[in-house]
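Written out below as structure tokens is the structure these notes cover.
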Amino acid sequence: MRRLRLCRVWLLSVSIGIGSLVGGTGCTSVRQVIGRELVPVQTEIELGQKLARQVEAEHRVLRDPALQRYVRFLAQPLIDQAWVDRPGIDYRLTVLDDDAQVNAFALPGGPMYVFTGLLLLADDEAEVAGVLAHELGHVVARHSANQLGTQFGVQLLMAIALGEAPEELAQMGAQIAGAGAMARFSRDDERQADDYGVAYTAAAGYDPGGLVTLFEKMGRLQSAPGTSIERFLASHPATDERIARIQRRVDRLGPGGERRAERYLEMTASLR
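Heads up, the sequence shown is in the working numbering, so the first residue is 4 and it goes up one at a time.
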């Protein structure tokens, strides 16, 4: 597996805002500049754990140990990349059983979820890897934590994390679980997560173009009946401009990376 620091991936491109070049000595550590540090890290982690319990009470966790292991295996090289940029986080991935939900999301502090509907839409490992790497980018850059800190206030989040505001926790958890996502991220947050997504998938040995092809599919299926794809697109709008921007990033990296379609279809056959 190629080992590639995020900032090295973009030596041929402009800075993504968090991993910029400093003189001729290399890259500023992502850990030095991530987020605005609105929410204390321990609060973020404890809040994420509590919200994860809420999500798993609202949604059915897939009862297929083999498929759970496979999806986590698929994600592990991406998590290894995220760990370099933000260590000390439990990046825990769980598959939720809902074929109508074409969605994936990450909570503050590391818990991540992908619905079976998204696994069914994808045709290969690279497409799933692109989305998961994007969600990892939100965790690494602390987008979810800072978003909640801005929305609810840091003091309330600290109280929830300490178990002192159970009603507010229930309301927040129900809101996130019901939407199957965090609230809509800013355009800058989405671009930053896209950049992480492309960088992490490439560094992990996947074809980074997987994120492009999956977003293109989502755009085509947006109006299809019987799916909840609009929930993902509401917080991750797949506009033509955004897809083109991701494609430019991919093009700068040049050809390479694995799609692994045959193995993916074999391992997810139980869903089909």
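Cβ atoms here follow ideal geometry from the backbone N, Cα and C, with glycine treated the same way. The structure displayed is predicted, hence computed values, not measured ones.
Nearest neighbour of residue i, chosen from the options [CA to CA]
i: Ala136; options: Phe118, Asp197, Pro114 and Gln174; result: Asp197
i: His62; options: Thr46, Pro68, Asn106 and Asp88; result: Asn106
i: Phe218; options: Ala205, Arg248 and Ser189; result: Arg248
i: Arg95; options: Val157, Ala109 and Gln84; result: Ala109
i: Arg194; options: Asp254, Phe155, Ile246 and Gly113; result: Ile246
i: Arg56; options: Ala180, Asp192 and Thr216; result: Ala180
i: Glu49; options: Gly113, Leu65, Leu99 and Arg72; result: Gly113
i: Ala206; options: Leu65, Thr46, Asp93 and Asp88; result: Asp88
i: Thr97; options: Pro90, Tyr73, Pro80 and Asp83; result: Tyr73
i: Thr119; options: Arg251, Asp93, Gln150 and Gln104; result: Gln104
i: Asp210; options: Asp102, Pro68, Ser189 and Arg252; result: Arg252
i: Arg255; options: Gly212, Glu269, Pro90 and Gly133; result: Gly212
i: Gly222; options: Asp243, Lys53, Glu171 and Thr271; result: Asp243
i: Lys53; options: Leu214, Ala202 and Glu171; result: Glu171
i: Pro282; options: Asp67, Ile92 and Arg262; result: Residue 282 falls outside the range modelled here, since the chain spans only 4 to 275, and no answer is possible.
i: Asn188; options: Ala164, Leu151 and Leu160; result: Reading off the sequence shown, one finds Phe at residue 188, where the question assumed Asn. The shortest C-alpha separation from Phe188 is found at Leu151.
i: Thr216; options: Asp192, Tyr116, Gln174 and Asp126; result: Asp126
i: Met270; options: Gln71, Ala164 and Glu47; result: Gln71
i: Gln178; options: Glu47, Thr46 and Ala60; result: Ala60
i: His141; options: Leu160, Met161, Tyr116 and Phe155; result: Tyr116
i: Arg190; options: Glu47, His146 and Met161; result: His146
i: Gln79; options: Val131, Asn149 and Leu121; result: Val131
Where residue i falls: helix, strand or coil (DSSP)
i: Tyr116; result: strand
i: Val64; result: strand
i: Ala107; result: strand
i: Glu167; result: coil
i: Thr28; result: Legend: pLDDT at Thr28 = 28, less than 50; position of this residue unreliable, no value from coordinates given.
i: Arg34; result: Note on Arg34: pLDDT 40, under 50, position unreliable in the model; no value is reported.
i: Ala264; result: helix
i: Ile92; result: coil
Bounding residues of the alpha helix (DSSP H) (the contiguous stretch that carries residue i)
i: Thr97; result: Where Thr97 is concerned, there is no enclosing alpha helix (DSSP H), although the beta strand (DSSP E) it sits in stretches over Leu96 to Leu99.
i: Leu214; result: Gly213 to Leu224
i: Ala200; result: Reading the sequence as shown, one finds Gly at residue 200 and not Ala. It spans Arg190 to Ala206 - the alpha helix (DSSP H) in which Gly200 sits, taken as one unbroken run.
i: Leu274; result: Segment: none, Leu274 is in no alpha helix (DSSP H) and carries neither H nor E.
i: Asp243; result: Asp243 to Leu256
Supposed contact pair residue j and residue i - C-beta distance, whole angstroms, cut 8 Å
i: Gly208; j: Gly260; result: 6 Å
i: Tyr267; j: Glu138; result: Incorrect: roughly 18 Å between the Cβ atoms, too far for contact.
i: Val143; j: Ala85; result: 5 Å
i: Leu77; j: Thr153; result: No, Leu77 and Thr153 are not in contact; Cβ-Cβ is about 33 Å, not under 8 Å.
i: Val58; j: Gly176; result: 7 Å
i: Leu123; j: Leu274; result: 6 Å
i: Thr204; j: Gly133; result: 5 Å
i: Asp100; j: Leu65; result: 4 Å
i: Ala164; j: Thr46; result: 5 Å
Cβ-heavy atom distance, residue i to the ligand COA, below 7 Å
i: Leu159; result: Judged by which ligands are present, the structure shown has none, so any question about the ligand COA falls away.
C-beta neighbour in chain C for residue i, strict 8 Å
i: Arg263; result: Protein chain content of the structure displayed is limited to a single chain, and chain C is not contained in it.
3-residue-minimum beta strand (DSSP E) runs that sit fully inside the region 116–167, ordered along the chain: none
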